[in-house]
Amino acid sequence: MKINKNRPTNPSSSVKTRFAVKFIKAMKNLNKKRPIPHKHKRYLAVRAAACASMASAVGPRRAWSRAVLNNIRNRRFTRKRSFGIKNNNNNPKPKQQDLGYGEEDELRRLVPGGKEMDFCRLLSESAHYIECLRDQVQVMTNMLHHYSS
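Residue numbering for the sequence shown follows the UniProt record's numbering, beginning at 1 and increasing consecutively.
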């Protein structure tokens with residue numbers, strides 16, 4: 001069996017490399033455009049760039065990455081409007097978490113695309129999503145240390 005020495009032994013490192021390249025490219029594109037006046041809008045743009053870079057680095061194999069890319073793509077065409085309508089219900093129903101349920105629903109809410117998955121697939125996608133988020137934090141921390149020194 002022939003081993004390719006150019007391929008990394010840890011598959012996570014290739015995702016990290018692809019993410020880093022895509023994220024740097026996205027940040028350069030953000031800086032080329034006209035300056036974003038508000039800090040919150042800049043934060044949202046950087047966050048979207050990080051999410052899109054990670055999802056595209058993983059590729060379409062995972063449901064969460066497809067969901068992230070679809071959400072970003074759809075966000076360009078439709079904007080949600082909030083009118084500040086509040087629900088003034090004096091007798092709220094007990095939450096599912098109070099009854100001992102809801103952990104699965106909470107996980108479905110946290111993982112992109114989790115609402116459509118069965119439980120086993122949800123656990124698998126959650127584990128991969130958490131691993132990718134950890135890798136994303138490591139890469140961004142390394143970039144920060146590199147560019148700040």
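Note that the Cβ used here is the ideal one computed from N, Cα and C, for glycine as well.
Please read these numbers as outputs of a predicted model, since none were measured by experiment.
| Cβ-Cβ separation, residue 128 to residue 62 (assumed contact under 8 Å), whole Å | Between the beta-carbon of residue 62 and that of residue 128 there is about 6 Å, and that keeps the pair under the 8 Å contact cut.
| For residue 106, does the count of other Cβ atoms within 10 angstroms reach 16, so buried, or fall short, so exposed? | It counts as exposed.
| How many whole angstroms separate the CB atoms of residue 55 and residue 69, which I take to be in contact at a CB cut-off of 8 Å? | Your pair residue 55 and residue 69 checks out as a contact, with CB atoms roughly 5 Å apart and the cut at 8 Å.
| query | Would you report the Cα separation of residue 24 and residue 143, rounded to the nearest angstrom? | reply | When only Cα atoms are considered, residue 24 and residue 143 end up about 9 Å apart.
| Option in 137, 102 and 148 with minimal Cα separation from residue 17 | It is 137 whose Cα lies nearest to the Cα of residue 17.
| So, is residue 120 buried or exposed, given that buried needs 16 or more other C-beta atoms within 10 angstroms? | Residue 120 comes out exposed.
| Quick one, which of 31, 30, 72 and 44 has its alpha-carbon nearest residue 113's? | Considering only alpha carbons, the answer is 72.
| message | Using the Cβ count rule (16 or more neighbours within 10 Å means buried), how would you classify residue 53? | response | Under this definition residue 53 is a buried residue.
| field | DSSP state of residue 145 mapped onto helix, strand, coil | value | Three-state result, residue 145: helix.
| Sorted by chain position, which residues of the same chain lie with C-beta nearer than 6 Å to residue 115's C-beta, five sequence neighbours on each side aside? | Cβ within range, chain order: 108.
| query | Which first and last residues belong to the alpha helix (DSSP H) in which residue 104 is found? | reply | Looking at the DSSP string, the run of the alpha helix (DSSP H) that includes residue 104 is 103 to 110.
| query | When DSSP labels each residue in this structure, what does residue 114 get in the three-state scheme? | reply | Helix at residue 114.
| message | Nearest by alpha-carbon distance to residue 66: which of 29, 141, 102 and 125 is it? | response | When only C-alpha atoms are compared, the closest one is 125.
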